[in-house]
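Asks: Numbering-wise (the numbering used here), the sequence shown opens with residue 2 and increments by one.
Here's a structure for you.
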Amino acid sequence: MCQISVVVAQEDGEEKLMDNVTSLEVTADGVVLSAFFEEPKTVPDVAVTRIDFLGGKVVLGRRPQP
């Protein structure tokens, strides 16, 4: 089974967005996350900053607003 969690970095730590992620798509607007038995979730204004393959975690960071 998938063991990938996606979190977004915050000033005071990390906020978990989704567990058991099966698909991650980077778009112009942000990142689209998918998991079994859940609707896809679009996270706007973020970018992938780090992937920990051994730890099973993808870290997203907020993109600066123009």
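Where a beta carbon is used, it is the ideal one built from N, C-alpha and C, also for glycine.
It should be emphasised that the depicted structure is a prediction, and the values quoted were computed from it without experimental measurement.
Nearest CA to the CA of Gln66: which residue from Lys58, Ala48, Phe54 and Gly57?
Replies: When only C-alpha atoms are compared, the closest one is Ala48.
Asks: Where does the unbroken beta strand (DSSP E) through Gly57 begin, and where does it stop?
Replies: No beta strand (DSSP E) holds Gly57; DSSP gives it neither H nor E.
Asks: Please list, in chain order, all residues of the same chain as Val8 whose beta carbon is under 8 Å from its beta carbon, the five residues on each side excluded.
Replies: Once the five neighbours on either side are set aside, the close Cβ partners of Val8 are Glu15, Glu16, Lys17, Leu18, Lys58, Val59, Val60 and Leu61.
Asks: Looking at the ligand NAP, does it come within less than 8 Å of Thr28, judged from the CB to the closest heavy atom?
Replies: This structure simply doesn't include the ligand NAP, nor any ligand for that matter.
Asks: Please name the residue in Phe54, Leu55, Gly31 and Asp53 whose C-alpha comes closest to that of Asp46.
Replies: Closest option to Asp46, Cα to Cα, is Gly31.
Asks: If you follow the beta strand (DSSP E) that Glu16 is part of, which residue opens it and which one closes it?
Replies: Unbroken beta strand (DSSP E) run through Glu16: Gly14 to Met19.
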